[in-house]
């Protein structure tokens, strides 16, 4: 018990230190004057160094050994120790020199990528990416050994623990078979429907912000425990009791900011709802990136792009912007929010094609890690996959295999969490819908409290106490199952 | 040289760490939602602990020993080592337990003070203040021994090094003899003049902010290296390249925010003008609190409350607020900004009576540290001193000896820096006025660059390379001399 208490105290310091870094990053994105960039870079580098020392403090290894199998600890404490062990292993099994080298080569590759992408020059990027891949495979090999899992799974575990690539393979293969013909059907159906007309006009930033805050409030965002600010790339930062959400306003298209805010509010509500007694402990953190994404997609996709939400929000839009023509009808807003297209760029993709983009990346990065795909062959493999999964081929690598930043600094194993999040969101929604006797009726009235309350009970307040699939079983009665997502797509995108 | 390099690297980390704490404090005052208070308290306590470990790292003592008399180092490096030594001694000569005890008792005393002041109950406060005083005297005794200076001077050195209490005694005694009869004269003269009429109206916060930013910009504040935000208590935080200035808006009285912003802008310009090559070293920091205050008072008092400034700014006020009656004349604004009154509260005092408030506190705290004044006798001593120096007696201790927070947590030695700052500002102004061939003509045109440039050369860019009096000799040709301040008061407040 004494060792456990020491671990708790140490991890509380680590957590607090992470909070400080979060505020410093948020400040950099929202407030920092341009002249402060150099100083901030130095501060963040120093903080990272100190944080790393705390995380790799050898005493943690000793204390973990002393705690052993955690006899005498409560469920929560045992789950806490398990998370500590996982953190500790991730942070300590790889030699510091290798981590540093990957970080250095990753920064270098990212720098080259910024111009190589602009110039559509994959050949220039290739050797740098090769180097990053090589080092990432070394890291993967060490972690695979340490965790006793396959190579790719060791990387995946960094972002979303508890789902194996074997499980993902099955789910993604099923989806990959489903999506292309489904997409054909959807496009054919949408071609028979009225053209969606995006509301046009000049939407003042201040008015958009007021609207965004109002929607956040209605969804349950507590402004005594968080803020909304502006940054070039929207994100949800901060920590429980102080969540820092950001967005970016386009005065010709308010839906960009609003849909973005709905998405980030999903993340924010998860953070706000984490178990308060465990705020500064590993077990009190969000389960993983897939679970986090499920919460943002639940709010943005399942709720925010639904017909019911459009019916509720259309009069609010009209009230605040004072416009009254047809573009503001609930029906048109719904069509705007659910328009499907084959497109090249993942970040602009819609709900139907997004998983296809992700599956492509998952397959390619898994093959690269396995050694089955050479960097030189990446562009062709990308283009073939795009044709197969999305039905179009990029004209160049700029909008092809060079579009995303993730691989440039070795973030391999991250991509699948986007689509796992979408699947989890659909599965949670189906259960909540049943238990709450129909979410649509609630959303239509703007009565979000029961829905968010359900997520709070089943997901937010669980923190990291359960592995992902166990959490899903407790929440929905079964392990991750893509059928809910497919049903959701069919209901939303095909004729009733 | 090797030891010196190690010191530089270590003090750079210490500086960066201080910067992080500055941003976290600024964020707490300006942005943090109320729910984040507990987490922020924990973060700041942790950061303070780590900072303290860095500052008391035993290697610093070894490196300082190795550097010895700094042979082979440049002037700046030698001055840097001297500042390191001073910092090191302050941070390390007092046992950690005593520091902690003082901090604990100080917090306790401050807590009691908050309610005791409200209830005008000095008897309740007395034992807590007694305890703080006792511990502060212990600290003073240890530092006095370590620095080889008198008891009070050891405390003073924490805030403004390089001016002794013996020098201050002479200067303050002279001022204490000058002020009461001078005040009589001023009040008699002002009684013959038109009553100052503060501009009234509803001054929207957004408009005030626009005005404040415009004045800051005109004075040379670089918004690429700083910001203006809102906090309950105005302050100037941040560091060079990223200065965080705050103010508070009263929509019925815009002069509050504007005069406050002028004051803080003086601080900000000092920070912005510190020697960039030494940004992260002790020698690159501001000289001390008195020198810092001199810069804020230079801008607020010497420049901002001058007749010439009123002539320049009056049309700007009229333009921005769109009002055009007599209250907006330069003459009236000047009278508003230079109105003198006997008043009980230091923070509300005018330029003439402020030093009297400070001299009273200086004499009392010096006597308390010397053991010549018991806590029990403080209220009477206060009231007598107020009568002697300001010419009024408080009705109660609430607006008497309990009005300031400083003593409550042992900040003794701080008060004199306010008035030393005022004296330095007047002395610098006199020299700049001579060298620039009349500042009034420049201010009247809003041409502040030569004046701020002069301060940049003589004060800002010097950092802590010179002791206060040497800096003054280089800038003005003589050591600190109160006659400039007295001349300034006579010129401004008596008939021409």
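Chains as they are written, first to last, in this note's numbering: chain V, 1 to 496; chain A, 1 to 496. Every residue, glycine too, gets a C-beta built ideally from N, C-alpha and C. Note that the coordinates shown come from a computational prediction; the quantities given were computed from them, not determined experimentally.
*State the Cα-Cα distance for the pair residue 415 (chain A) and residue 357 (chain A), rounded to the nearest angstrom.*
Sequence index remark: in the second chain, residue 415 (chain A) carries index 415 (1-based). Sequence index remark: in the second chain, residue 357 (chain A) carries index 357 (1-based). Each residue's Cα considered, the two are about 9 Å apart.
_Does any residue of chain V have a CB that is nearer than 8 Å to the CB of residue 43 (chain A)?_
Here residue 43 (chain A) corresponds to residue number 43 of the second chain, with the count starting at 1. With 8 Å as the cut-off, residue 43 (chain A) counts as an interface residue toward chain V.
_Straight-line Cα distance separating residue 474 (chain V) from residue 468 (chain V)_ = Taking the first chain and counting its residues from 1, one reaches residue 468 (chain V) at position 468. Taking the first chain and counting its residues from 1, one reaches residue 474 (chain V) at position 474. The alpha-carbon separation between residue 468 (chain V) and residue 474 (chain V) amounts to approximately 10 Å.
*Going by the CB atoms, is the gap between residue 359 (chain A) and residue 175 (chain A) shorter than 8 Å?*
Numbered from its first residue, the second chain carries residue 175 (chain A) at position 175. Numbered from its first residue, the second chain carries residue 359 (chain A) at position 359. Cβ distance < 8 Å, so residue 175 (chain A) and residue 359 (chain A) count as in contact.
*Would DSSP call residue 401 (chain V) helix, strand or coil?*
The residue given as residue 401 (chain V) occupies position 401 in the first chain. Shown here, residue 401 (chain V) sits in coil according to DSSP, grouped into three states, outside any helix or strand.
*Nearest to residue 428 (chain V) by CA position, among V:330, V:50, V:291, is which residue?*
Residue mapping note: residue 428 (chain V) aligns to position 428 of the first chain, counting from 1. Out of V:330, V:50, V:291, V:291 has the C-alpha closest to the C-alpha of residue 428 (chain V).
*Look at the alpha carbon of residue 425 (chain V) and the alpha carbon of residue 9 (chain V), and state the distance between them as a whole number of angstroms.*
By one-based count along the first chain, residue 425 (chain V) stands at place 425. By one-based count along the first chain, residue 9 (chain V) stands at place 9. So the alpha carbons of these two residues sit roughly 34 Å apart.
*CA-to-CA distance, residue 434 (chain A) to residue 328 (chain A), given in whole angstroms*: Within the second chain, numbered from 1, the residue matching residue 328 (chain A) stands at position 328. Within the second chain, numbered from 1, the residue matching residue 434 (chain A) stands at position 434. Rounded to the nearest angstrom, the two C-alpha atoms are 31 Å apart.
*Would you say residue 224 (chain A) reaches chain V, if we count a Cβ-Cβ gap shorter than 8 Å as a contact?*
For the purposes of this step, residue 224 (chain A) is identified with residue 224 of the second chain, where counting begins at 1. Between residue 224 (chain A) and chain V, the shortest Cβ-Cβ separation is below 8 Å.
*asked:* Contact between the stretch 395-404 of chain V and the stretch 260-276 of chain V is defined here as three or more beta-carbon pairs at a separation below 8 Å; is this criterion met?
replied: Note that the stretch 395-404 of chain V does not touch the stretch 260-276 of chain V; fewer than 3 beta-carbon pairs, one per stretch, sit closer than 8 Å.
*Tell me, please, whether the CB atom of residue 57 (chain V) is closer than 8 Å to any CB atom in chain A?*
In the first chain, the residue the question calls residue 57 (chain V) occupies position 57. By this cut-off, residue 57 (chain V) is not an interface position.
*Give the DSSP-derived three-state secondary structure of residue 242 (chain A) in the structure shown.*
In the second chain, the residue the question calls residue 242 (chain A) occupies position 242. Strand at residue 242 (chain A).
_Interfacial residues, the stretch 373-390 of chain A to chain V, with Cβ spacing under 7 Å_ = Within the stretch 373-390 of chain A, no residue qualifies.
_Just to make sure I have the definition right: I need the residues of chain V whose C-beta is within less than 8 Å of the C-beta of residue 50 (chain A). Which are they?_
Position 50 of the second chain holds residue 50 (chain A). 50, listed in chain order.
*At least 3 beta-carbon pairs within less than 8 Å: the stretch 454-467 of chain V vs the stretch 480-495 of chain V*: The stretch 454-467 of chain V is not in contact with the stretch 480-495 of chain V.
*Along the alpha helix (DSSP H) that carries residue 227 (chain A), what are the first and last residues, could you check?*
Taking the first residue of the second chain as 1, we reach residue 227 (chain A) at position 227. In the DSSP annotation of this structure, residue 227 (chain A) is not part of any alpha helix (DSSP H); the continuous beta strand (DSSP E) holding it starts and ends at 226-230.
_Test: residue 47 (chain V) CB closer than 8 Å to a CB of chain A_ = Sequence index remark: in the first chain, residue 47 (chain V) carries index 47 (1-based). For residue 47 (chain V), the answer is yes, since a Cβ of chain A falls inside 8 Å of its Cβ.
*Using DSSP with H/G/I as helix, E/B as strand and the rest coil, what is residue 148 (chain A)?*
Residue mapping note: residue 148 (chain A) aligns to position 148 of the second chain, counting from 1. Residue state, collapsed to three classes: coil.
*Distance, Cα to Cα, residue 480 (chain A) vs residue 301 (chain A)?*
Position 480 of the second chain holds residue 480 (chain A). Position 301 of the second chain holds residue 301 (chain A). Their backbone Cα atoms lie some 18 Å apart in a straight line.
*Could you tell me which chain A residues have their CB closer than 9 Å to the CB of residue 239 (chain V), listed as they occur along the chain?*
Taking the first residue of the first chain as 1, we reach residue 239 (chain V) at position 239. Chain A residues near residue 239 (chain V): 36, 39.
*From which residue to which residue does the alpha helix (DSSP H) around residue 337 (chain A) run?*
Residue mapping note: residue 337 (chain A) aligns to position 337 of the second chain, counting from 1. Bounds of the alpha helix (DSSP H) holding residue 337 (chain A) are 330-337.
*Quick one: what does DSSP say residue 419 (chain A) is sitting in, helix, strand or coil?*
Along the second chain, read from residue 1 onward, the residue named residue 419 (chain A) stands at position 419. In this structure, residue 419 (chain A) counts as helix in the three-state DSSP scheme.
*Using beta-carbon positions only, say whether residue 151 (chain A) and residue 370 (chain A) come within less than 8 Å of one another.*
Numbered from 1 along the second chain, position 151 holds the residue referred to as residue 151 (chain A). Numbered from 1 along the second chain, position 370 holds the residue referred to as residue 370 (chain A). Contact: yes.
_Nearest-angstrom Cβ-Cβ length linking residue 229 (chain V) and residue 207 (chain V), presumed shorter than 8 Å_ = The sequence position of residue 229 (chain V) within the first chain is 229, counting from 1. The sequence position of residue 207 (chain V) within the first chain is 207, counting from 1. Actually they do not touch by this definition, with Cβ atoms about 16 Å apart.
*Taking the C-alpha atoms as reference points, what is the distance between residue 363 (chain A) and residue 167 (chain A)?*
Taking the second chain and counting its residues from 1, one reaches residue 363 (chain A) at position 363. Taking the second chain and counting its residues from 1, one reaches residue 167 (chain A) at position 167. Spanning the two alpha carbons is a distance of roughly 13 Å.
*Rank A:417, A:36, A:304, A:398 by C-alpha distance to the C-alpha of residue 447 (chain A) and give the top, closest one.*
Indexing the second chain from 1 puts residue 447 (chain A) at position 447. Cα-wise, what sits closest to residue 447 (chain A) is A:304.
_If contact is defined by three or more beta carbon pairs under 8 Å, each pair taking one atom from either stretch, is the stretch 54-72 of chain V in contact with the stretch 1-19 of chain V?_
Contact between the stretch 1-19 of chain V and the stretch 54-72 of chain V is present, because at least three Cβ pairs lie under 8 Å.
*Buried or exposed (CB count within 10 angstroms, at least 16 for buried), residue 397 (chain A)*: Taking the second chain and counting its residues from 1, one reaches residue 397 (chain A) at position 397. With 16 or more Cβ atoms within 10 Å of its Cβ, residue 397 (chain A) is classed as buried.
*asked:* Here's a check: name, in chain order, each residue in its chain whose Cβ is nearer than 6 Å to the Cβ of residue 279 (chain A), leaving out the five neighbours to either side.
replied: Here residue 279 (chain A) corresponds to residue number 279 of the second chain, with the count starting at 1. Here the set comprises 240.
*asked:* Rounded to the nearest angstrom, what separates residue 47 (chain V) and residue 202 (chain V) at their Cα positions?
replied: Within the first chain, the letter at position 47 stands for residue 47 (chain V). Within the first chain, the letter at position 202 stands for residue 202 (chain V). The alpha-carbon atoms of residue 47 (chain V) and residue 202 (chain V) are separated by roughly 42 Å.
*Are the Cβ atoms of residue 116 (chain V) and residue 125 (chain V) separated by less than 8 Å?*
Here residue 116 (chain V) corresponds to residue number 116 of the first chain, with the count starting at 1. Here residue 125 (chain V) corresponds to residue number 125 of the first chain, with the count starting at 1. A contact, by the Cβ cut-off of 8 Å.
*Go to residue 118 (chain A), then tell me how far its alpha helix (DSSP H) extends in each direction, as first and last residue.*
As a first step, residue 118 (chain A) is located in the second chain; it is residue number 118 there, counting from the start. 96-118 is the span of the alpha helix (DSSP H), which, as asked, contains residue 118 (chain A).
*Looking at residue 413 (chain V) and residue 158 (chain V), is the spacing between their C-beta atoms short of 8 Å?*
Counting from one through the first chain, the residue named residue 158 (chain V) turns up at place 158. Counting from one through the first chain, the residue named residue 413 (chain V) turns up at place 413. Result yes, Cβ atoms of residue 158 (chain V) and residue 413 (chain V) sit closer than 8 Å.
*asked:* I'd like to check one pair, residue 139 (chain A) with residue 81 (chain A): are the Cβ atoms closer than 8 Å?
replied: One-based indexing of the second chain puts residue 81 (chain A) at position 81. One-based indexing of the second chain puts residue 139 (chain A) at position 139. Not a contact, by the Cβ cut-off of 8 Å.
*Using a C-beta cutoff of 8 Å, does residue 20 (chain V) count as contacting chain A?*
Your numbering for residue 20 (chain V) matches position 20 in the first chain. So, interface residue.
*residue 391 (chain A) to residue 417 (chain A), Cα distance in whole Å?*
Position 391 of the second chain holds residue 391 (chain A). Position 417 of the second chain holds residue 417 (chain A). One C-alpha to the other measures close to 23 Å.
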